[in-house]
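Working notes, beginning with the structure itself.
Protein chains: 2
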Amino acid sequence: MVLVEGFVHRFRLTDEGHRQILAIYVSGDPLDFEHLYLPLADDGLQVVRDCTVAYVDQKDLQELIAARPGVAQAIVTALLVDASIFREWTLNVGRRDARARIAHLLCEVATRLQAQGFELPATPIPLTQDQIADATGLTAIHVNRMLKSLSSDGLLQTRRGLILVPDLEALCEMASFDERYLHLQP
Amino acid sequence: MVLVEGFVHRFRLTDEGHRQILAIYVSGDPLDFEHLYLPLADDGLQVVRDCTVAYVDQKDLQELIAARPGVAQAIVTALLVDASIFREWTLNVGRRDARARIAHLLCEVATRLQAQGFELPATPIPLTQDQIADATGLTAIHVNRMLKSLSSDGLLQTRRGLILVPDLEALCEMASFDERYLHLQP
DNA sequence: CGCGTTATTGATTAGGCTCAATAAGGGTGG
DNA sequence: CCACCCTTATTGAGCCTAATCAATAACGCG
Numbered sequence: 001m002v003l004v005e006g007f008v009h010r011f012r013l014t015d016e017g018h019r020q021i022l023a024i025y026v027s028g029d030p031l032d033f034e035h036l037y038l039p040l041a042d043d044g045l046q047v048v049r050d051c052t053v054a055y056v057d058q059k060d061l062q063e064l065i066a067a068r069p070g071v072a073q074a075i076v077t078a079l080l081v082d083a084s085i086f087r088e089w090t091l092n093v094g095r096r097d098a099r100a101r102i103a104h105l106l107c108e109v110a111t112r113l114q115a116q117g118f119e120l121p122a123t124p125i126p127l128t129q130d131q132i133a134d135a136t137g138l139t140a141i142h143v144n145r146m147l148k149s150l151s152s153d154g155l156l157q158t159r160r161g162l163i164l165v166p167d168l169e170a171l172c173e174m175a176s177f178d179e180r181y182l183h184l185q186p
Numbered sequence: 187m188v189l190v191e192g193f194v195h196r197f198r199l200t201d202e203g204h205r206q207i208l209a210i211y212v213s214g215d216p217l218d219f220e221h222l223y224l225p226l227a228d229d230g231l232q233v234v235r236d237c238t239v240a241y242v243d244q245k246d247l248q249e250l251i252a253a254r255p256g257v258a259q260a261i262v263t264a265l266l267v268d269a270s271i272f273r274e275w276t277l278n279v280g281r282r283d284a285r286a287r288i289a290h291l292l293c294e295v296a297t298r299l300q301a302q303g304f305e306l307p308a309t310p311i312p313l314t315q316d317q318i319a320d321a322t323g324l325t326a327i328h329v330n331r332m333l334k335s336l337s338s339d340g341l342l343q344t345r346r347g348l349i350l351v352p353d354l355e356a357l358c359e360m361a362s363f364d365e366r367y368l369h370l371q372p
């Protein structure tokens, strides 16, 4: 599957039912390459907002990979970039405080949106506070307070469940966001 | 590089210098496939204990990949398994309490050692409390207390900086460890 | 033997969680 | 078009897990 338009997240649950969001996908992102190689699905995908996905036939894709080494290499590179992002999430959840953790998440999403050609600051990020909580290992209530705090510092605006980042550079500064882990340069 | 014998971990630092350990490698694990495809290294490798590594020439490996589709596929599969483990670490750090978090980490390492043919419970895990802290997003002091608590429940033994797991099944039970994310079945 | 790393323990603090209650939308059915 | 309901967001009070600060012990190595 490829996400054509909208937002999707990947998540896993603890046995106690607590959700951890593991990745947020934006327009253009491939969603589940692992199904080509692993028999068992590890985690679930949920829609953040209404979205459009394109299905690619597995067999066709496998033939394409076999026929074109460049495609295979592009997929491996994409997987490695994803893995780098997963690791940054572990760092984010493990070693940053709540404010920086939320800011860092938003920096990542905003930066990846920008890389896909979306205009900032016009493009809103449609994450609910509940979703941000599960992506950062916090509670929704604490996310609410931190968003208010970031908002009162002018680092973001919230409007009807949408988040706007008026000055991405300032937000990156506060989160000490270093985009190199995204490996955006083609 | 391939880790022939010993223990190595992969880590990243926040700009404030806090370390987050992102993976623990045991004998037999490949360490840095990403260097084949990404120009920029994301994180560092550190030795947990004295160890032996084997260097594989990049060019040779690239030729092997080009010549043998099976090798390429095996590498992709290994990368996908790694990625699944990274995601489980995010879940662990984000959504489990300190005791379960530490137990889960030890369950993973013990299970992977066992899968490599090491005998449990004889094989010790040589992580320092500082390293466990940085792998779980806790402080070393709190790790110490939790280890003592786990130890007094008979779930593990500590001896001279080594950790022994006398009853892996019991530890897995308490951490609700579900090994499927390791994708061990070949 | 001396020193640096690692482990231990106690006291205190604080960041974030829980519980509780209310508000504000937005969508749906009548 | 309106009433209702469900999801999402807000706010306050009190609590608790894990952090911080501080000091000492125990190794293990050179």
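In order, the protein sequences belong to chains A and B. Per my numbering, the very first residue in the first sequence carries number 1; after that it's consecutive. Per my numbering, the very first residue in the second sequence carries number 187; after that it's consecutive. Cβ atoms here follow ideal geometry from the backbone N, Cα and C, with glycine treated the same way. A quick note: this is a predicted structure, and the numbers were derived from the prediction, not measured.
I'd like to confirm something about residue i: is its beta-carbon nearer than 6 Å to some heavy atom of the ligand ADP, or not?
i, result
"A/Pro30", "Absence of the ligand ADP is noted for the structure shown, with no ligands found whatsoever."
Do you know how far the Cα of residue j is from the Cα of residue i?
i, j, result
"A/Ala74", "B/Ser335", "48 Å"
"B/Leu368", "A/Leu171", "36 Å"
"A/Ala98", "A/Gln131", "14 Å"
"A/Arg12", "B/Thr309", "31 Å"
"A/Asp60", "A/His35", "14 Å"
"B/Leu228", "B/Gly203", "The question names Leu, but residue 228 of chain B is Asp in the sequence shown. Rounded to the nearest angstrom, the two C-alpha atoms are 15 Å apart."
"A/Tyr25", "B/Ala253", "34 Å"
"B/Pro255", "A/Pro166", "48 Å"
"A/Leu106", "A/Ile125", "8 Å"
"B/Ile327", "B/Ala258", "44 Å"
"A/Val143", "A/Leu91", "18 Å"
"B/Asp364", "A/Arg49", "31 Å"
"B/Gly303", "A/Ile163", "50 Å"
"B/Leu342", "B/Gln371", "27 Å"
"A/Gly6", "A/Ile102", "21 Å"
"A/Leu80", "B/Arg196", "15 Å"
"B/Ser337", "A/Thr136", "30 Å"
"B/Thr344", "B/Val194", "20 Å"
"B/Leu299", "A/Pro121", "49 Å"
"B/Met360", "B/Gly340", "12 Å"
"B/Asp215", "B/Leu189", "5 Å"
"B/Gly280", "B/Arg366", "19 Å"
"A/Leu64", "A/Asp57", "11 Å"
"B/Asp218", "A/Arg160", "44 Å"
"B/Leu226", "A/Ser84", "11 Å"
"B/Val262", "A/Asp134", "29 Å"
Quick check on residue i: does DSSP put it in helix, strand or coil?
i, result
"B/Thr200", "coil"
"B/Leu217", "coil"
"B/Arg287", "helix"
"B/Arg273", "helix"
"A/Arg19", "strand"
"A/Asp60", "helix"
"A/Gln185", "coil"
"B/Asn252", "Strictly speaking, residue 252 of chain B in this sequence is Ala, with Asn absent from that position. DSSP places B/Ala252 in helix when its eight states are reduced to three."
"B/Ala260", "helix"
"B/Arg366", "helix"
"B/Ala361", "coil"
"A/Arg95", "helix"
From the DSSP output, which residues share a beta bridge with residue i?
i, result
"B/His195", "B/Ile210, B/Gln232"
"A/Pro39", "Paired residue(s): none; A/Pro39 is not in a bridge."
"A/Thr52", "A/Glu5"
| task | Ignoring anything shorter than 3 residues or poking outside the region 116-169 of chain A, list the beta strand (DSSP E) runs there in chain order. | result | 157-159, 162-164
| said: Short of 8 Å Cβ to Cβ, which residues in the region 64-96 of chain A face chain B? | reply: Ala66, Pro69, Ala72, Gln73, Ile75, Val76, Thr77, Leu79, Leu80, Val81, Asp82, Ala83, Ser84, Phe86, Arg87, Glu88, Trp89, Thr90, Leu91, Val93, Gly94, Arg95, Arg96
| Using Cβ-Cβ distances below 7 Å, what residues of the region 8-39 of chain A are close to chain B? | Arg12, Thr14, Asp15, His18, Gln20, Leu22, Glu34, Tyr37, Leu38
| query | For the region 43-55 of chain A, which residues have a beta carbon sitting closer than 9 Å to at least one beta carbon of chain B? | reply | Asp43
| message | Against chain B, which members of the region 132-159 of chain A pass a CB distance test of less than 7 Å? | response | Gly137
| field | Residues of the region 164-180 of chain A with Cβ closer than 8 Å to any Cβ of chain B, in chain order | value | Ser176, Asp178, Arg180
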